[in-house]
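In this note's numbering, the protein residues as written are 70 to 403.
Structure representation (structure tokens):
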């Protein structure tokens with residue numbers, strides 16, 4: 070019987086992974102922090118809950134014990150925060166997962182990285198051959214280091230697969246769609262790149278790929294980009310959101326260089342005062358929403374037979390249906 074550990078189970082991606090594991094008939098364990106509001110809900114689903122922190126080696130060992138499959142989806146994912154906290158979660162936490170998985174002799178570790186480990190802003194096309202590039206940004210840089218840890222354990226014989234998702238969306242999303250909708254509704258949204266292409270992946274399509282990465286022989290020791298296709302611009306998505314929430318579509322454009330300078334200035338000010346609150350703009354976010362790269366998912370299609378089961382615009386419509394069913398005051402709540 071497959072016994073799967075899912076880290077990050079209380080998050081958007083992890084919760085969908087837990088549901089899919091149950092659909093497959095797996096026994097499911099999760100590692101969640103003490104006091105997490107979803108512990109009761111997870112237990113009612115029949116999940117074996119291990120309460121503890123990813124930064125606690127002993128808690129990680131308890132979570133991995135008895136498992137033969139691990140989905141490591143937990144991460145500190147933000148464009149602002151303390152470097153040491155990012156490293157503790159995204160690097161050392163990943164090291165503890167690999168260490169415990171090696172000791173337990175699991176049959177596969179599926180590591181959820183991010184396409185942000187690649188400097189895609191400067192590229193026209195991205196595939197898995199592109200080297201990871203550190204840019205002095207907390208989340209991408211520490212995810213690069215975490216990915217390097219996974220590859221180090223692969224060289225020691227740990228059976229691993231790595232997936233690099235682009236921007237993940239779907240009903241229950243707590244980031245992209247809710248944040249855009251909130252900014253559009255309050256008329257605080259503007260553009261800084263003409264026809265920037267958004268690289269999106271619908272949550273069900275990502276989970277399909279993660280399950281293939283966990284089971285397909287061709288996925289062993291390999292890495293895969295995950296994206297539905299670069300066929301939607303930020304202007305198109307913003308106009309669709311505005312139409313569904315009955316708000317004016319954004320029309321203001323500011324020069325990219327100016328916005329990047331403003332973001333850098335905000336980071337300097339917030340850093341100087343030691344603020345833990347995210348600035349209105351960060352350089353990471355500015356570049357992320359100005360990218361025109363085409364993400365090539367040919368490797369996943371060739372080796373695993375993966376295809377997005379939900380077309381991009383159908384996923385957008387499903388997410389917008391969910392968005393308008395939620396009270397606007399809850400859009401940005403985690």
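Every residue, glycine too, gets a C-beta built ideally from N, C-alpha and C. All values derive from a computational prediction rather than experimental measurement.
CA nearest to the CA of residue i, picked from the options
{"i": "residue 70", "options": "85, 88, 89 and 97", "result": "97"}
{"i": "residue 116", "options": "133, 128, 338 and 87", "result": "87"}
{"i": "residue 91", "options": "104, 113 and 329", "result": "113"}
{"i": "residue 219", "options": "190, 119 and 171", "result": "171"}
{"i": "residue 232", "options": "216, 225 and 168", "result": "216"}
{"i": "residue 237", "options": "80, 126, 108 and 286", "result": "80"}
{"i": "residue 230", "options": "286, 267, 261 and 208", "result": "286"}
{"i": "residue 266", "options": "177, 290, 235 and 225", "result": "235"}
{"i": "residue 127", "options": "342, 169, 148 and 106", "result": "169"}
{"i": "residue 301", "options": "83, 131 and 383", "result": "383"}
{"i": "residue 385", "options": "291, 240 and 289", "result": "240"}
{"i": "residue 145", "options": "156, 292 and 125", "result": "156"}
{"i": "residue 307", "options": "375, 394, 263 and 107", "result": "263"}
{"i": "residue 138", "options": "281, 123 and 224", "result": "281"}
{"i": "residue 222", "options": "329, 174 and 354", "result": "174"}
{"i": "residue 78", "options": "394, 244, 343 and 132", "result": "132"}
{"i": "residue 160", "options": "205, 394, 253 and 143", "result": "143"}
{"i": "residue 106", "options": "344, 95 and 120", "result": "120"}
{"i": "residue 125", "options": "99, 158 and 94", "result": "158"}
{"i": "residue 288", "options": "245, 356, 374 and 347", "result": "374"}
{"i": "residue 397", "options": "368, 253 and 123", "result": "253"}
Per-residue burial, residue i [other beta carbons within 10 Å of its own, 16 or more giving buried]
{"i": "residue 255", "result": "exposed"}
{"i": "residue 67", "result": "No information on residue 67 is available, as it lies outside the stretch 70 to 403 that the chain covers here."}
{"i": "residue 210", "result": "buried"}
{"i": "residue 399", "result": "exposed"}
{"i": "residue 259", "result": "exposed"}
{"i": "residue 324", "result": "exposed"}
{"i": "residue 101", "result": "buried"}
{"i": "residue 247", "result": "buried"}
{"i": "residue 85", "result": "buried"}
{"i": "residue 349", "result": "exposed"}
{"i": "residue 371", "result": "exposed"}
{"i": "residue 352", "result": "buried"}
{"i": "residue 213", "result": "buried"}
{"i": "residue 366", "result": "buried"}
{"i": "residue 183", "result": "buried"}
{"i": "residue 322", "result": "exposed"}
{"i": "residue 327", "result": "exposed"}
{"i": "residue 207", "result": "buried"}
{"i": "residue 89", "result": "buried"}
{"i": "residue 226", "result": "exposed"}
{"i": "residue 111", "result": "buried"}
{"i": "residue 153", "result": "exposed"}
{"i": "residue 341", "result": "exposed"}
{"i": "residue 151", "result": "exposed"}
{"i": "residue 76", "result": "buried"}
{"i": "residue 59", "result": "Coverage of the chain is limited to positions 70 through 403, which leaves residue 59 absent and any answer about it impossible."}
{"i": "residue 179", "result": "buried"}
{"i": "residue 319", "result": "buried"}
{"i": "residue 292", "result": "buried"}
{"i": "residue 148", "result": "buried"}
{"i": "residue 37", "result": "The question about residue 37 has no answer, for the chain in this structure spans 70 to 403."}
{"i": "residue 257", "result": "exposed"}
{"i": "residue 338", "result": "exposed"}
{"i": "residue 403", "result": "Its pLDDT being 44, under 50, residue 403 is placed unreliably by the model, and nothing is read from it."}
{"i": "residue 99", "result": "buried"}
For residue i: DSSP bridge partner residues
{"i": "residue 270", "result": "237"}
{"i": "residue 180", "result": "141 and 231"}
{"i": "residue 322", "result": "260"}
{"i": "residue 387", "result": "The partner list for residue 387 (beta bridge, DSSP) is empty, contrary to what the question assumes."}
{"i": "residue 76", "result": "100 and 141"}
{"i": "residue 363", "result": "194"}
{"i": "residue 120", "result": "101"}
beta-carbon residue i near the ligand MN non-hydrogen atom, thresh 7 angstroms
{"i": "residue 260", "result": "As for the ligand MN, it is missing from this structure, which has no ligand bound."}
Minimum Cβ-Cβ distance from residue i to chain D less than 8 angstroms
{"i": "residue 386", "result": "Among the chains in the structure shown there is no chain D, since it carries only a single protein chain."}
Quick one: any contact between the stretch 162–170 and the stretch 185–204, if contact means 3 or more CB pairs under 8 angstroms?
-> no
Kindly provide the ranges of any alpha helix (DSSP H) runs that are 4 or more residues long and lie completely inside the stretch 251–318, ordered along the chain.
-> 272–284 and 303–313
Mind the definition here: the stretch 327–341 touches the stretch 268–281 only if three or more C-beta pairs lie below 8 angstroms; say whether that holds.
-> no
Check whether the stretch 377–393 touches the stretch 285–302, counting contact only when three or more Cβ pairs, one atom from each stretch, lie closer than 8 angstroms.
-> Using a Cβ-Cβ distance cut-off of 8 angstroms, the stretch 377–393 and the stretch 285–302 are in contact, since at least three pairs of beta carbons, one from each stretch, lie closer than that value.
Counting Cβ pairs closer than 8 angstroms, one from the stretch 183–194 and one from the stretch 345–360, do we hit at least three?
-> yes
Counting Cβ pairs closer than 8 angstroms, one from the stretch 298–313 and one from the stretch 387–394, do we hit at least three?
-> yes
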